[in-house]
Structure formats: structure tokens, C-alpha cells
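S.K.: Before I ask anything, let me first share the structure, which is written out below as C-alpha cells.
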Ligand code: C2E
Ligand code: CA
Ligand code: CA
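In the numbering used here, the protein residues as written are 100 to 991.
Have a look at this one:
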């Protein structure tokens, strides 16, 4: 939304750029504030500064060391210069004294004279000689017999050619007179006329001039030496090594740090010109040796600096890692907190975070609300700001009574999760259920509350559905069974008697089939409400499904007691019920048992009550039967019969009997009804009232019906062929048979096979059968009628045909049910019904036949009221084919 607004608003173009930039800046600032960024930065600065300091210190140390070395070197040259000067002075003194003696006494006697005076230097160190003007050595000390010629030597020629009075110092030599290396120092002798007269000469080992080399001071690589003005070393000492003859490049006077100028070793070097001699004194200190202490200091400085740096880096790295991790943990915690807040906000549960309040003894006396969420506001009806800081007991004064307080204390003390479901009054919701979960945390508790009202209601609904019949609200089979078990246990414990009754509605199927399921449902509702009123509060009435009900009566006195209640139930059911505009009559067949007489457990009791109820049905319905032991056999018999039915048709156990239909006016037989008989091997003649419903149940009715149709048609054809007066054969077709797809084909096939003309066949269908599916039934009836077959409505008056629909039925007769005929003589109601049916039938152009006519009175009434035909024991019971043929022949 915001983005769209920004993009659509050209007046705020900078909003795109500025926001990210300032965002980036703050992000950077936040980053720099993070120790894992700022710490390394300051550590780096510290390192740079530290190193600068160390390097500076080293530099000043170096300067100090160099200054010290220079001073030492200067002192050294001063000392050396003085020493050499002293030595040269002594040598020069000797030469001068010798020359004086030669000039005074002659060359030959000069040396002995001086020796005698003790003026000669020690012969061990110095050789002293005198050479004449021709270069011949004329005298020596120590004395030697050899008269060597030195006239070509530089130290001789220099003096001969140089009239000045300068001493000469030769390079180092070995010669015949002195095989040891030595230098010659010469001075010129002049004769009285000032002409060259020879030289005085002193030979000394070069090492003489460097004996002052002090190892302690000058080390291994210091240097002492003398260099001639010709640039050639007369002597040079470094450490213990004495040498000569080298020619170092550029050796000026002064002091200089001359690396490699002598032998590649860097030194502090000083050179001094010797006064009165063609010599330079050279002294030097080795740079490395002089700087060794500094070097050590430098190294230790660097070592300390490196060590410090490394330690700093390590510490900073560790701190950074730790801080980064801590930062990450903080971020995670923050994120988790944000998520938690968002989640708890979005949660359907109310959160109450509470801190405990304790008294001096450490007992928890209350809780204070620290945090909560929107759901909590909604649930409590109090705003968040008002909630936070409130105490539990001020919010919920009955928290101690309701057990909440104890739960909270237990959760805080012992930890764990404590859950409970409570019925409470929720603001804005009213009475409801909550689920609360209490979790102990540090210093308090978290209480999570969920509104489970809806769930509870659903549970109740499911429980209701599982245990109660939706239609009538009565307990269902499950609940009845459960309660019956309980009631039995109770009766057993108390030693009382308990009654269980099975109630089955008679004729309910007709209502359901005839008026539709809605009417059936309504009827069940009305009847069950009435029954409930009739049984009272102590009894439990339940519905087992369909039109079956069960009644449990606890603590009854005996049969009479129970009978009274059941009679009341029967009466209540018999009251007509208004379904729309139709008053509907149903009745109840009731079977009852007593505990403990008729059974020790729920199963046996129910089974026996069922058997008793069947007996009531067999006894013509609408009555109460108490269980008697033999009933069970009839119940089992029913199961056995169903079993036996399977093979009965193939086994030829069925036969047909025929009951004549009489014209009431002429008294003649005009028709006959075929009725099925089952000659059961054990039970002999089984009534169709029993086996037809069984055959319907198991589907056998289709084959059985087909067999009846074929047999009846064939029988009629036989009678006709025998020349008997033609009669119409009536065949009963039950509901399941009638709805069968191939019914019409099968009827046609029966006619074809038997060659009976269609007018020789009538089909009886019951009223309720037609009403099950009116349209289909009428369609089917039309097909049959089109084939020339007539149709009759059986059991008329027991169902609930809509009279207007009756008009559209393609039928030719109505049969008044025998239940109306039986009481015809006495019951005014039945008379009225019979008369109504007769007049109705006539209005619709239908013939009316009455069945079950047993007495003359009934017959007379019917005749008087213009009924067309009759059927019944009064004229004949159903009989075998031969008997019927005889009867027909007789009456015709
Ligand atoms: P329904 O069609 O109403 O048949 C009349 C019943 O009344 C027959 O019983 C008959 O024996 C009996 N009855 C006749 N006159 C009197 C009388 O004066 N007094 C008394 N109390 N009863 C009389 P039934 O043969 O036991 O048949 C019972 C029912 O079985 C029949 O009632 C019919 O609905 C059914 N049924 C019988 N045979 C067949 C059959 O072949 N196919 C089909 N689908 N149903 C059949
Ligand atoms: Ca019939
Ligand atoms: Ca009938």
C-alpha cells in the first residue's frame, strides 16, 4: 500500500532515494557500534601507534649507539695516534743519535760507541744499520758480517735523492740481512759539505706498531694500522691477524664510517696524519660489534612489539568472536522475542504472563500481570494497559475458590504444565468453557487460556447424536442398552424388580408408505411424546429405530403394576393423530418382561421382550403380552421358518386353496380368490400371514408369486375346460412383487402358458401398496388393465388412500377389509365405514366386495346396504381345487 502511494505521488520523488540512504547510514552506524567492528578498528590504530613508537625508540637507540661508537672510535684514534707518535719519536731519536755518532766518530765506531753508552735500542726488537754513500751496509746492531748492498732500495734511493731531512718508512720486506718481515725507517747522513754520505737505518717488525690492539676494546673486527702516504698499509691488525701491503681506496684524514673500504667490514674508521712521518695512523671499530648491544636491544624491542601485537590481535580476535556471537545471540533473542510477540498477538489463545508476589515468609500471596496479548483483552473485556500491573486477585476475586490460584502456585513451585477445563462466565460471550494451561517460569507463571466453548458444544452435540435419536429426542439403542445394564445392576443390588417392554407400532408402515416419510416422522414424534407422558419420569423410553420403542421401568411391584403403565401407553398410541388434514389411527403391540424372572441380563431380557411383542402382533396387534417361556420357541420358529422357506418351492411344499366370491344379489359364485398354503414338513399348515412377510423379507416372494400366478391361471383354465361356469380368478400380489420390473411380462406369460383369457384373471393389490409409489403403481395398473385384466383394491379402509387419487385408479372393485366386517353387527363406527366405502365405490363406478363375512347379520347388513359381493366363512372357507370344482358345479 505504502509503496503504491509513494510511486503514485510525484511530489515526493526523494522519498525513494532518501529513505534507503539514511537507512544505510544508520545501518553502518549500528554496525560500527557493534564491538566486533569497532574493536578491531581501534586495535589497528593502537597497533600502528605502538609500532611507530617502537620504531622511533629503536631509531633513537640506534643514534645513541652510533654516537657512542663514534666517541669510542675517536678516543681510540687519539690514543693510537699518541702511542704511534711516541714510538716513532723514539725511533727517530735513535736514528738521529746514530747519525750524530756516525758524523762524529765515523760509521765503524758509531754503533759500538752508542752501545757502550747504552743508547742503542734493544737488538731483539730493532735492527740498527748504517750504509755508506754507495749503499753498502757498513755497520749493524746486532752485528752481522754480511756487507749487503741496499743501493737500489727505495729507502736508500729516497734519502740519496732527497736533500731534505725527512725520515722514510719503507714497505714491509724480507731480505738477506733480516729474514723476518720488517719496515725500514731511514734518515740521510750528510758529510761536512752537506753532501750525501749514506743512511742510518732502523728495521722493526710491523707488529710493533699495532701491539696496542686491545681485544677487549676493539673486538675481533676492529682495526689498527699505519698507511704510508703512498696509500699502502705498512701494518694492519684486525683481531690477532697482522698484515700489510694492502692498498685501500681513498683513505682520507678524519673519521668516517667507511663500509668495506678496507676489507668489506663496515667500521667506524679514523685516520690521522702522523706529524713528521709520511704515515697515517688508522684505527677503526667494527660497526657490528659496536652496535651489538643496540642490535640486541632492537631485537628485544621488536620481539616485545611483535609479542604485544600478536597478543593484541589474538585478544581482539577472541573478543570480536565472542562479541559477534553475543551480538548474534542478542539478535536471535530479539528476533525470537519479536516472533513470540507476533505469534502471541495472532494466537487464538489468551496469554497472561504473571510474576508472583511473596510475603516475608516467602509465601506466594498474589500474582501481578506482566504481559498479555490482544486475545486476553478480548477475553477479559479489559484493555491491555489496564490489565498489565493488575494483581490476579483483584481481577479474579474467586481465583482461590476456583482452584486457579493453587494451580498457579503449584506451577511456579514445581514447574511443569498444569491443565484444566472449566466452565466460566466469559465477558462478551457469556457462559462458556475455557481450557487453561499454566506453565511455571522463572519467578512466575504463564497462563494460556483458550475458549473451548464451541468445542464443548460440539462434543455435547456429538454425545447427543451418539446417544439420542434425532427425530424424537429419545435415548437411542446405545444409550438404552447402557442404561439398561445400569438399571439391572441397580435392581440386582436393591433386590427390586425391573420391567422391559418392546413397543411396536401397528400400521406405521402403512402411514409411512401411504403418506410419505414426513408424515411417518411426524407420527413418530407425536406418538413418542405421548408415550413419554404416559410412562412418567421414572421410566426410560427409548427408540430402537423404525417404529420400535423400548421402555425400561425400574423398581416395579409386579405384573399388574407394569400392565397399568403399558395399558396407558397403548391407549395413548391409539388416540388419533392429526397429520395435516388426516386423522391417523395407529396402535401398539407391546411385549413385556420382568427382571429377574424372565432373564438375568440385558440381552436375554430384550430378546424375550421381542418375542412377547411378536406374540402380541400374532394376537392381532394392539395388545400387551407378557413373556411366557413358550414364546421363545415361536420366535426361534420364525427363524427356522425363514430358513425352511428357501427350498420350499422346489420341494413342492406350496399349494393353493380357493375361496369363492359370491354375488350378494343372486347368491351365485362369480369368482374365486387363490390363497397360498405352505405344507411345512414339521409345522404342517403355515399361515400365509406368517410366511408371506418372511418371503417378502428374503425376496422369495417373486418366485413364489410367479408360481401362484401360473398355478392359479392354469387351475382356472382347467375348470373352464371342464365345462364349469367361467369364474374370475383373483390372485394376491404383494408390494415387493408388484414393484418388480417384469411383473407385467410375467402375468402375460402366465396367461399365455395357461391359455386363460385375460378376463379370467383379477389381481388384488392392497391400498398401501398403491400409495407407496402412486404414479408407478397407476402406470402399472393401466398396463395390466390394457391387457384385459381387472384390478381390485384389497384391505380397503386400512390404508390412507387419497380419495381423489382413487378416481384415477384403473380398478374395477374395492374390497372392504375384514376388520371392519367382523364388528359390523355391533360397531356403529364399522357400519359407518362400510356404508361409506360402499357408497364411495358406487360413486366411482366400482363394485364393492366385503371379505371375512362369517355371520348372517353381517351378510344381511351388507345386502341391505347395497354391497355387491361377499367372501367369507359364511359361504365357504378356502378349499382345495376339487372341492371348489364341486361347489361351483353345485351352485351354478
Ligand atoms: P387376504 O387377501 O385379505 O385374504 C383373505 C384372508 O381372510 C385369507 O386368509 C382367508 O382365509 C381369510 N378369510 C376368508 N374368509 C374369512 C372369514 O369369514 N373369517 C376370517 N376370520 N377369515 C377369513 P389367509 O389365506 O390366511 O391369507 C392371509 C393373507 O395372506 C391374505 O389376506 C393375503 O394378503 C395373503 N396371501 C394369501 N395368499 C397369497 C398369495 O398367494 N400371494 C400373496 N401375495 N399374498 C397371499
Ligand atoms: Ca386378498
Ligand atoms: Ca383382505
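We put the beta carbon where it would ideally sit given N, CA and C, even for glycine.
All figures in this text were calculated on a predicted structure; none of them were measured in a lab.
Looking at the C-beta of residue 373, does it have a partner C-beta in chain C at a distance below 7 Å?
M.R.: Included in the structure is just one protein chain, with no chain C present.
S.K.: Which stretch, first to last residue, makes up the alpha helix (DSSP H) that contains residue 183?
M.R.: Looking at the DSSP string, the run of the alpha helix (DSSP H) that includes residue 183 is 134-204.
S.K.: Considering only the alpha carbon of each residue, which of 457, 819 and 474 lies closest to residue 450?
M.R.: Ranking 457, 819 and 474 by Cα distance to residue 450 puts 474 first.
S.K.: Assuming the contact rule is C-beta atoms closer than 8 Å, residue 829 and residue 788 should be a hit. Round their C-beta distance to whole Å, please.
M.R.: Actually they do not touch by this definition, with Cβ atoms about 17 Å apart.
S.K.: Using the Cα positions of residue 987 and residue 633, report the straight-line distance between them to the nearest angstrom.
M.R.: Each residue's alpha carbon lies about 55 Å from the other.
S.K.: Using the Cβ count rule (16 or more neighbours within 10 Å means buried), how would you classify residue 359?
M.R.: Only weak support exists for where residue 359 lies, its pLDDT of 49 falling under 50; the value from the coordinates is given anyway. Under this definition residue 359 is an exposed residue.
S.K.: Can you round the beta-carbon distance between residue 138 and residue 419 to whole angstroms, since I take them to be within the 8 Å contact cut?
M.R.: Confirmed, about 6 Å.
S.K.: Below 8 Å, can you find three or more Cβ-Cβ pairs linking the segment 839-854 to the segment 741-755?
M.R.: Result no; under three Cβ-Cβ pairs closer than 8 Å.
S.K.: Consider the C-beta atom of residue 854 and the heavy atoms of ligand 2; say whether any pair is separated by less than 6 Å.
M.R.: Answer for residue 854: no, Cβ out of range of ligand 2.
S.K.: Taking 7 Å as the threshold (C-beta atoms), are residue 725 and residue 691 in contact?
M.R.: A contact, by the Cβ cut-off of 7 Å.
S.K.: Could you please give me the residues that DSSP links to residue 284 through a beta bridge?
M.R.: Answer is 268 and 301, bridged to residue 284.
S.K.: Which parts of the segment 765-821 are runs of the alpha helix (DSSP H), unbroken and 4 residues or longer, counting only runs that do not cross its ends?
M.R.: Counting whole runs of 4 or more residues, the segment 765-821 contains the alpha helix (DSSP H) stretches 787-797 and 800-820.
S.K.: How many Å lie between residue 980 and residue 877 at the Cα?
M.R.: Using only the alpha carbons, I get a separation of about 32 Å.
S.K.: Going by alpha carbons, who is nearest to residue 908 out of 578, 872 and 931?
M.R.: Here the closest residue by C-alpha is 872.
S.K.: Do you know how far the Cα of residue 266 is from the Cα of residue 197?
M.R.: Rounded to the nearest angstrom, the two C-alpha atoms are 14 Å apart.
S.K.: For residue 136, which residues from the same chain have a beta carbon less than 6 Å from its beta carbon, with the 5 sequence-adjacent residues on both sides left out?
M.R.: Correct list, in chain order: 130.
S.K.: Of the residues 508, 305 and 478, which one's Cα is nearest the Cα of residue 325?
M.R.: For the residues 508, 305 and 478, the minimum Cα distance to residue 325 belongs to 305.
S.K.: Opposite residue 457 in the DSSP bridges: which residues?
M.R.: DSSP lists 463 as partners of residue 457.
S.K.: Quick check: the segment 802-819 against the segment 773-787, are at least 3 beta-carbon pairs closer than 8 Å?
M.R.: At 8 Å Cβ cutoff, the stretches touch.
S.K.: Do the segment 555-570 and the segment 607-618 touch if we need at least three Cβ pairs shorter than 8 Å?
M.R.: Not touching, per the Cβ criterion.
S.K.: In whole angstroms, what separates the C-alpha of residue 424 from that of residue 436?
M.R.: Going from the Cα of residue 424 to the Cα of residue 436 covers about 18 Å.
S.K.: Out of curiosity, what's the CA-to-CA distance linking residue 400 and residue 390?
M.R.: The alpha-carbon atoms of residue 400 and residue 390 are separated by roughly 15 Å.
S.K.: Got a sec, what are the start and stop residues for the alpha helix (DSSP H) residue 961 sits in?
M.R.: Looking at the DSSP string, the run of the alpha helix (DSSP H) that includes residue 961 is 955-963.
S.K.: When the Cα atoms are used, what is the spatial distance from residue 156 to residue 141?
M.R.: Each residue's alpha carbon lies about 22 Å from the other.
S.K.: Short of 6 Å in beta carbon distance, which residues of its chain neighbour residue 983, apart from the five on each side in sequence? Order them along the chain.
M.R.: Contacts found: 757.
S.K.: CB residue 235 to CB residue 228, shorter than 7 Å?
M.R.: It is not a contact, given that the beta carbons lie outside the stated cut-off.
S.K.: Using 10 angstroms around the beta-carbon of residue 127, count the other beta-carbons present and answer buried if the total reaches 16, otherwise exposed.
M.R.: Result: exposed.
S.K.: Is residue 606 helix, strand or coil when you go by DSSP?
M.R.: In the structure shown, residue 606 sits in coil (DSSP, three-state: anything other than H, G, I, E or B).
S.K.: Can you say whether residue 421 is buried or exposed, counting buried as having 16 or more other CB atoms within 10 angstroms of its CB?
M.R.: Exposed, since its Cβ has fewer than 16 Cβ neighbours within 10 Å.
S.K.: What I want to know is whether the C-beta of residue 936 ends up closer than 6 Å to one or more non-hydrogen atoms of ligand 1.
M.R.: No, since every heavy atom of ligand 1 falls outside the 6 Å radius drawn around the Cβ of residue 936.
S.K.: Entirely within the segment 574-618 and at least 3 residues each: give me those beta strand (DSSP E) ranges in chain order.
M.R.: DSSP runs (the beta strand (DSSP E)) wholly in the segment 574-618: 596-605.
S.K.: Which one of 924, 276, 187 and 641 has the shortest CA to CA distance from residue 375?
M.R.: The shortest C-alpha separation from residue 375 is found at 187.
S.K.: Indicate the three-state DSSP secondary structure (helix, strand or coil) for residue 320 in the structure shown.
M.R.: It is coil, neither helix nor strand.
S.K.: Look at residue 912 and residue 891 and say whether their C-beta atoms are less than 7 Å apart.
M.R.: Cβ distance < 7 Å, so residue 912 and residue 891 count as in contact.
S.K.: In angstroms with no decimal places, state the Cα-to-Cα distance between residue 443 and residue 470.
M.R.: Rounded to the nearest angstrom, the two C-alpha atoms are 11 Å apart.
S.K.: Could you tell me whether the Cβ atoms of residue 570 and residue 623 are closer together than 7 Å?
M.R.: It is a contact, given that the beta carbons lie within the stated cut-off.
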